[in-house]
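Undergrad: According to this note's numbering, the sequence shown is numbered sequentially starting from 1119.
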Amino acid sequence: MSAPVIDVAAGPPTVEFGWSDAGEGCAHSYLLPAVLDELERATGGQPRTIVDVGCGNGFVTERIARLGHDVIGIDASRDGVAIARAAHPGMRFEAISVYEERFREVVGTVDCVLALEVVEHLFLPSKLFESSYRVLRTGGTMIVSTPYHGYLKNLGISLTGGWDRHWDVSHDGGHIKFFSPATLSRMALAAGFGNVRWRGTGRARWLWKSLVMTMERL
1119 MSAPVIDVAA
1129 GPPTVEFGWS
1139 DAGEGCAHSY
1149 LLPAVLDELE
1159 RATGGQPRTI
1169 VDVGCGNGFV
1179 TERIARLGHD
1189 VIGIDASRDG
1199 VAIARAAHPG
1209 MRFEAISVYE
1219 ERFREVVGTV
1229 DCVLALEVVE
1239 HLFLPSKLFE
1249 SSYRVLRTGG
1259 TMIVSTPYHG
1269 YLKNLGISLT
1279 GGWDRHWDVS
1289 HDGGHIKFFS
1299 PATLSRMALA
1309 AGFGNVRWRG
1319 TGRARWLWKS
1329 LVMTMERL
């Protein structure tokens, strides 16, 4: 996927991410099995109201809806939302950011918030947790994924001289912050969430590609 173009000075960003189709992304093959497993555990297989934050082209949103859930997809990326609407005309997609005050009004109250590979792109990642907490019912679930970082993986990147590639400064709108289980948990707890658990997915143990964290609104 190409980088989004963000006008930071304009307030809540209007983003063009460079989406070209409604197909599967490079991370979906290893993310979806873990996310669907966590969603099954959280919902007990019962239909729930879900918001997919950072839905992009709507691929995951549509997969979740197939399971019988009532899903709304939101994204700051207007090109992604346009593609999602065209590909899935019977579903609801909105171009909106978690930074915006109207987020709660647009989303309403939901049972579950998904935010896959989103938090690392945000200048103010705490807003993702704060906005999600406000729209979740008590006892509701939030499932977040982000590229995994831990001691062994960081050491491996260092030993192979991979940090310049990993922190590619030419990728405008790319990853801004990196998270370990400890730092992501701390942000979730600060927003009021509890019962936080995590798992790695993709690649070998402790060298995982992504971290999937599930938490409950207390």
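Even for Gly, the Cβ is constructed at its ideal location relative to N, Cα and C. Values in this document were obtained by computation on a predicted structure and should not be read as measured data.
1) Please list, in chain order, all residues of the same chain as residue 1213 whose beta carbon is under 6 Å from its beta carbon, the five residues on each side excluded.
2) When the Cα of residue 1194 is compared with those of 1210, 1186, 1215, 1202, which residue comes out closest?
3) Alpha carbon to alpha carbon, what distance is there between residue 1221 and residue 1170?
4) DSSP three-state label for residue 1281, please.
5) Near residue 1175, what residues of its chain come up, given a Cβ to Cβ distance below 6 Å and the 5 sequence neighbours on each side ignored?
6) Tell me, please, which residues DSSP counts as bridged to residue 1261.
7) Would you call the region 1306-1315 and the region 1278-1297 touching, i.e. three or more CB-CB distances under 8 Å?
8) What are the residues that DSSP puts in a beta bridge with residue 1197?
9) Should the region 1265-1278 be called in touch with the region 1155-1169, which here means at least 3 C-beta pairs below 8 Å?
10) For the region 1138-1223, list the alpha helix (DSSP H) runs that are entirely contained and at least 4 residues long, ordered along the chain.
11) Please report how far the alpha carbon of residue 1293 lies from the alpha carbon of residue 1163, in whole angstroms.
12) Could you pull the DSSP bridge partners for residue 1226 from this structure?
13) Counting along the chain, where does the alpha helix (DSSP H) carrying residue 1252 start and finish?
TA: Based on what the coordinates show:
1) Within the same chain, Cβ atoms closer than 6 Å to the Cβ of residue 1213 are found at 1196, 1199, the five residues on either side in sequence being excluded.
2) Here the closest residue by C-alpha is 1215.
3) Roughly 13 Å separates the two Cα atoms.
4) Residue 1281 carries a helical assignment under DSSP once its states are collapsed to helix, strand and coil.
5) Closer than 6 Å at the Cβ level, and outside the excluded window around residue 1175, lie 1137, 1140, 1198, 1201, 1202.
6) DSSP, once it has assigned bridges, lists 1232, 1332 as partnering residue 1261.
7) The region 1306-1315 vs the region 1278-1297: no contact.
8) Under DSSP, residue 1197 takes part in no beta bridge, so it has no partner.
9) The answer is no - the region 1155-1169 does not touch the region 1265-1278, with fewer than three Cβ pairs under 8 Å.
10) Entirely contained in the region 1138-1223, the alpha helix (DSSP H) runs reaching 4 residues are, in chain order, 1146-1161, 1177-1183, 1196-1205.
11) Cα-Cα distance, rounded: 33 Å.
12) Partner(s): none; residue 1226 has no beta bridge.
13) 1244-1253 is the extent of the alpha helix (DSSP H) around residue 1252.
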